[in-house]
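Enquirer: If you read the sequences in order, they're chains A and B.
Going by our numbering, the first sequence opens with residue 173, and the numbers climb by one from there.
Going by our numbering, the second sequence opens with residue 173, and the numbers climb by one from there.
Note that CB positions come from ideal geometry on N, CA and C, so glycine has one too.
Quick one: the structure is below, and I'll ask about it shortly.
There are 2 protein chains.
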Amino acid sequence: MPRISAARVTDVRFPTSLQLDGSDAVNVDPDYSAAYLELVVDDPSWPRGYALVFTGGRGNEVVCSAIESVAALLPGRDVEDMLANLGEVSHALVHDSQFRWIGPEKGATHMAAGAVINALWDIKAKRAGKPLWRLLADSSPEELVDVVDFSHLHDALTRDDALEMLRAGQEGKAERIAELEANGYAAYTTGPGWLGYTDEKMQRLAREAVDAGFGMIKLKVAGNLADDQRRLRLAREAVGSEIGIAIDANQRWEVDEAADWINALGEFDLWWVEEPTSPDDILGHARIRREISPIPVATGEAVQNRIVFKQLLQAEAIDVMQIDATRVAGVNENIANLLLAAKFGVPVCPHAGGVGLCELVQHFSFFDYAVISRSQEKRMIEYVDHLHEHFAAPVRLRHGRYQAPTAPGIGAEILSDSVEQWTYPAGPGWSSLRA
Amino acid sequence: MPRISAARVTDVRFPTSLQLDGSDAVNVDPDYSAAYLELVVDDPSWPRGYALVFTGGRGNEVVCSAIESVAALLPGRDVEDMLANLGEVSHALVHDSQFRWIGPEKGATHMAAGAVINALWDIKAKRAGKPLWRLLADSSPEELVDVVDFSHLHDALTRDDALEMLRAGQEGKAERIAELEANGYAAYTTGPGWLGYTDEKMQRLAREAVDAGFGMIKLKVAGNLADDQRRLRLAREAVGSEIGIAIDANQRWEVDEAADWINALGEFDLWWVEEPTSPDDILGHARIRREISPIPVATGEAVQNRIVFKQLLQAEAIDVMQIDATRVAGVNENIANLLLAAKFGVPVCPHAGGVGLCELVQHFSFFDYAVISRSQEKRMIEYVDHLHEHFAAPVRLRHGRYQAPTAPGIGAEILSDSVEQWTYPAGPGWSSLRA
């Protein structure tokens, strides 16, 4: 009977702050990092399960500690049995009667639960020989609802609602899967838009993004209004009138100042305004959305769990829901998030970038189209062009579209050389930077 | 120039799960625990700063790890200078540009920031020779607003609003302080109400609570409706008609089932219903409050930060606001929480119990009466009678009222023998339990 024999956690950090990649009004100097988990089964014929939590550098060690602690909660039973009951296993980790005080369902411990759950999904997908999105798309409605935690969702989404949606999603599924495998899924890019870049670099990258086939670019804003106006004007000049431009304030504004600032940028035809204020401020997002209508509001990369997403939807606070692959409690909770979005008719455009987030989150959009929303209208996956070279199965883009992942697993496996090089603080990459 | 020379963190756990003290519908087997911090100044004439984060047992080690990491962010500057600028120091810890991704402002890392900030307040209060509540009450309105982080509060509370409130609070302050020192502050007790207790033990403890002078008791509910009805009937028989009874569901209900359950208990004259659903569900609390009116709704012990409290108040979701001493970012954020409650005219009845929470949170109610709300109407501090013997300055109750704390500091110091005995997992207390 196969059992988990080891849960190895490594603190992996990339020195991205040296290039100002990823800089915005709030995250001024991130070192893109991964609290990286390898789950080992005691039978060597079984695949390893890999998962990661993305962080901004300092604090990655806290998430590593949390993953070790959550992994210690794993039931010591037959792995095959656990993989057949991932809803139950997830419940045991997320709702542990002592551990939950530290959340519940938020912050470092919740992200850690997500990593452990995702590593199990990685094993399950590899055993099935499928990329995660296909494993999910090929699952029955009953199998899918069995992994979802509907607690604190009943007033918006029940198990029966979800079953009905997923059953409807079986119709035409094979055609949609074939379409995804042939044509992929639209991407947009934040690459040109970091605040640390000069105007010239931003314009050059924006033109390159158009040439590469992206239909939208995103610019970081909210440092200074005059700068935002100048950069948006230059970006619009660079990309022309047909390409979308979204802006991202990274939580910077007060609720009562956001509308004035955003409306002062209205002339630039904004496709959305992202994270205008605190991700905790559901009522604030709703107010801002009313005050900037018809400019759409997007948020989600820092939304802690399905219960906050539920309220953002109930309050009509968002036009675009941006799930993140490593903030919530893993694949299970993101299935809940996709179902919620579909129930309220709000498109999901996942957050990516960071390290590994493109590799991970693409699976949810592909699955969403195959079975849940069944639409690609107004839907794109974020794309940022860095750090993919460290992954065993890096994302593949063609003409601004994500190509359907084909490698078995969830996509989190980092090349062992990269792990060794950038282990913090002792890896040779960091040693040589200090020298 | 005095500097911080060490930040010692200890994992202290008490085996309370053996007695079913503290059991409720969700927290079935807590081992009341403290992630315990000792800040040492390199000048031996300076006092040590102590702080703790309360947890339920498993996971305490994650908070310990987080405290170590947050303490490492402390600026290496003159401690005297830091104590004179605790708003700025708090901002540096809570909004660290890399660390914040793990929150922002929630979960293990936010609790850890609170511990580090509180340990600095402990040093500051001891240097001033005052208990925290007197240090705060004796501070000028300008000094107080300087420590508050008003970010993401502006639509409900500005620095100017707060200054105006605190200036008004100076009038009659000396008389209110004298009154607090003479008469203390009302307490209620949860001691009789744990779900793990038999009916007989609950009734006996309820009668003892009345005899001890408490004006209200609180019962844990939400395991089973028939049990709740029976226990409430027995509790009402035990305490008579003049004593308040509140109930606490510890987040157990779905939003759309809470009202039916609560209204089925309406005959027992409930003083409030606590945590009817997820602490993240602002809209859910608002709906439940509308549906059970006039039964009051209380929440807050698991509310992650001031931004969620702001919305609970804006949404008219709560009648009673229950701040917790070790979940938010320390004294600073709880001053914000008190100001918010006063702005919306909602009474604060702090959460206590756990380990050390009575010792810590009493200071906020005393300060609130002295300077902010200036009212004790409908206000009480929770009290649970266990683990006080481990504290250097345990709470003092007389006739069901907290007596004004007099020992300098914030109240978090645990006796060194207790720390040693219950250090987890190596302390002799745990060794002998395992034997």
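Could you give the distance in angstroms between the alpha-carbon of D268/B and the alpha-carbon of A497/B?
Expert: Here residue 268/B refers to the residue found at position 96 when the second sequence is read from its first residue. Here residue 497/B refers to the residue found at position 325 when the second sequence is read from its first residue. Those two C-alpha atoms are separated by around 22 angstroms.
Enquirer: Hey, how far is the Cα of A280/A from the Cα of E409/B?
Expert: Residue mapping note: residue 280/A aligns to position 108 of the first sequence, counting from 1. Residue mapping note: residue 409/B aligns to position 237 of the second sequence, counting from 1. Cα to Cα, the separation comes out at about 45 angstroms.
Enquirer: For E426/B, go through chain A and note every residue whose CB falls closer than 7 angstroms to its CB, in chain order.
Expert: What you label residue 426/B is simply residue 254 of the second sequence in a count that begins at 1. Those within 7 angstroms of E426/B in chain A are H324, H326 and D327.
Enquirer: Just list the residues that DSSP pairs A178/A with in beta bridges.
Expert: Stepping through the first sequence from its first residue, residue 178/A is reached at position 6. The partner list for A178/A (beta bridge, DSSP) reads V212/A.
Enquirer: Smallest Cα separation from I586/A: which of L209/A, Q486/A and L391/A?
Expert: Here residue 586/A refers to the residue found at position 414 when the first sequence is read from its first residue. Answer by Cα proximity: L209/A.
Enquirer: Just tell me which of P187/A, S177/A, S590/A and L258/A has its CA closest to the CA of W218/A.
Expert: Residue mapping note: residue 218/A aligns to position 46 of the first sequence, counting from 1. If we check each option's Cα against that of W218/A, S177/A comes out closest.
Enquirer: Give me the Cβ distance between G526/B and Y204/B, rounded to the nearest whole Å; I'm assuming they're in contact under 8 angstroms.
Expert: On the second sequence, position 354 is the one that residue 526/B refers to. On the second sequence, position 32 is the one that residue 204/B refers to. With a Cβ gap of about 6 angstroms, G526/B and Y204/B count as contacting.
Enquirer: Taking 7 angstroms as the limit between beta carbons, can you name the residues of its chain near H324/A, skipping five residues before and five after?
Expert: What you label residue 324/A is simply residue 152 of the first sequence in a count that begins at 1. Within the same chain, H324/A has close Cβ partners I479.
Enquirer: Using DSSP with H/G/I as helix, E/B as strand and the rest coil, what is G581/A?
Expert: The count along the first sequence starts at 1 and reaches residue 581/A at position 409. It is a strand residue.
Enquirer: Taking N199/B as the query, report the chain A residues whose CB atoms sit under 9 angstroms from its CB, ordered along the chain.
Expert: Taking the first residue of the second sequence as position 1, residue 199/B is located at position 27. Residues of chain A passing the Cβ test: S269, Q270, R272 and W273.
Enquirer: Are the CB atoms of V503/B and I289/B nearer to each other than 9 angstroms?
Expert: The residue you call residue 503/B lines up with position 331 of the second sequence. The residue you call residue 289/B lines up with position 117 of the second sequence. Yes, they are a contact pair.
Enquirer: So with CB distances below 9 angstroms, who are the chain A contacts of Q483/B?
Expert: Locating residue 483/B in the second sequence gives position 311, where the first residue counts as 1. Correct list: D452, D453, I454, L455 and G456.
Enquirer: What residue from L246/B, L569/B, R306/B and T595/B has the CA that sits closest to A384/B's CA?
Expert: Numbered from 1 along the second sequence, position 212 holds the residue referred to as residue 384/B. With distances taken between Cα atoms, A384/B lies closest to L569/B.
Enquirer: Does A130/B have its Cβ less than 9 angstroms from a Cβ in chain A?
Expert: With chain B covering 173 to 607 only, the question about residue 130/B has no answer from this structure.
Enquirer: Under three-state DSSP, which class holds W602/B?
Expert: For the purposes of this step, residue 602/B is taken as residue 430 along the second sequence, with counting starting at 1. W602/B falls in the helix class under three-state DSSP.
Enquirer: Thinking K392/B and W366/B are a contact (beta carbons under 8 angstroms), I'd like their distance in whole angstroms, please.
Expert: Here residue 392/B is taken as the residue at index 220 of the second sequence, counted from 1. Here residue 366/B is taken as the residue at index 194 of the second sequence, counted from 1. Confirmed, about 6 angstroms.
Enquirer: Taking the CB atoms as reference points, tell me whether H282/A and A489/A lie closer together than 9 angstroms.
Expert: As a first step, residue 282/A is located in the first sequence; it is residue number 110 there, counting from the start. As a first step, residue 489/A is located in the first sequence; it is residue number 317 there, counting from the start. No, the Cβ-Cβ distance between H282/A and A489/A is not below 9 angstroms.
Enquirer: Looking at C-alpha atoms only, which residue of G599/B, T449/B, D310/B and G412/B is the closest neighbour of F440/B?
Expert: Position 268 of the second sequence, counting from 1, holds the residue named residue 440/B. Comparing Cα-Cα distances from F440/B to each of G599/B, T449/B, D310/B and G412/B, the minimum goes to G412/B.
Enquirer: Name the chain A residues that come within less than 9 angstroms of P276/B, Cβ to Cβ?
Expert: Mapped onto the second sequence, residue 276/B falls at position 104. Near P276/B (Cβ distances below 9 angstroms), the residues of chain A are V198, Q423, S450, P451, D452 and A474.
Enquirer: Measuring only the C-alpha atoms, how far is P468/B from F271/B?
Expert: Here residue 468/B refers to the residue found at position 296 of the second sequence. Here residue 271/B refers to the residue found at position 99 of the second sequence. Each residue's alpha carbon lies about 38 angstroms from the other.
Enquirer: Just to confirm, are F226/B and G583/B a CB contact at a threshold of 9 angstroms?
Expert: Mapped onto the second sequence, residue 226/B falls at position 54. Mapped onto the second sequence, residue 583/B falls at position 411. No, the pair does not count as a contact, with Cβ atoms beyond the cut-off.
Enquirer: Are the CB atoms of A291/B and A179/B nearer to each other than 9 angstroms?
Expert: The sequence position of residue 291/B within the second sequence is 119, counting from 1. The sequence position of residue 179/B within the second sequence is 7, counting from 1. Their beta carbons are under 9 angstroms apart, which means A291/B touches A179/B by this criterion.
Enquirer: Hey, is G613/B's beta-carbon within less than 9 angstroms of any beta-carbon in chain A?
Expert: Coverage of chain B is limited to positions 173 through 607, which leaves residue 613/B absent and any answer about it impossible.
Enquirer: Quick check on the DSSP output: what are the complete alpha helix (DSSP H) runs of length 4 or more inside the region 402 to 468 of chain B, in order along the chain?
Expert: As far as the region 402 to 468 of chain B is concerned, its whole alpha helix (DSSP H) runs of at least 4 residues are 427 to 435 and 454 to 464.
Enquirer: Any beta carbon of chain A sitting closer than 9 angstroms to that of V480/B?
Expert: Here residue 480/B is taken as the residue at index 308 of the second sequence, counted from 1. Yes, V480/B counts as interfacial toward chain A.
Enquirer: Counting contacts by CB-CB distance shorter than 9 angstroms, is A280/B in contact with chain A?
Expert: The sequence position of residue 280/B within the second sequence is 108, counting from 1. Chain A contact via Cβ: present.
Enquirer: Can you find the residues in the same chain that come closer than 7 angstroms, C-beta to C-beta, to A576/B, ignoring five residues on each side of it along the sequence?
Expert: Position 404 of the second sequence, counting from 1, holds the residue named residue 576/B. Contacts found: L352, E353, G356 and F538.
Enquirer: Mind checking who D183/B pairs with in its DSSP beta bridge?
Expert: The residue you call residue 183/B lines up with position 11 of the second sequence. Partner(s): A207/B.
Enquirer: Is R551/A helix, strand or coil by DSSP?
Expert: The residue labelled residue 551/A in the question sits at position 379 within the first sequence. Reduced to three states, the DSSP call for R551/A is coil.
Enquirer: For my contact list, A244/B and Q486/B are in at a C-beta cut-off of 8 angstroms; report their separation, rounded to the angstrom.
Expert: The residue you call residue 244/B lines up with position 72 of the second sequence. The residue you call residue 486/B lines up with position 314 of the second sequence. That belief does not hold up - the Cβ atoms of A244/B and Q486/B are roughly 36 angstroms apart, past 8 angstroms.
Enquirer: Measuring CB atoms only, is the region 244 to 260 of chain B touching the region 234 to 248 of chain A, in the sense that at least three cross pairs come out at less than 8 angstroms?
Expert: The answer is no - the region 234 to 248 of chain A does not touch the region 244 to 260 of chain B, with fewer than three Cβ pairs under 8 angstroms.
Enquirer: With M388/A and A418/A assumed to form a contact (beta carbons below 8 angstroms), what rounded beta-carbon distance in angstroms separates them?
Expert: Walking along the first sequence from the start, residue 388/A turns up at place 216. Walking along the first sequence from the start, residue 418/A turns up at place 246. 6 angstroms between Cβ atoms; contact.
Enquirer: Is DSSP giving M254/B helix, strand or coil here?
Expert: Along the second sequence, read from residue 1 onward, the residue named residue 254/B stands at position 82. Three-state DSSP puts M254/B in a helix.
Enquirer: Cutting at 7 angstroms between CB atoms, please list the residues of its own chain near K482/A, excluding the five before and the five after it.
Expert: Counting from one through the first sequence, the residue named residue 482/A turns up at place 310. Taken in chain order, the residues that qualify are L325, A328 and L512.
Enquirer: Which class does A280/A belong to by DSSP, given the choice of helix, strand or coil?
Expert: On the first sequence, position 108 is the one that residue 280/A refers to. Reduced to three states, the DSSP call for A280/A is helix.
Enquirer: For D203/A, return the contacting residues in chain B, with the cut-off set at a CB-CB distance below 9 angstroms.
Expert: Numbered from its first residue, the first sequence carries residue 203/A at position 31. In chain order: Q270.
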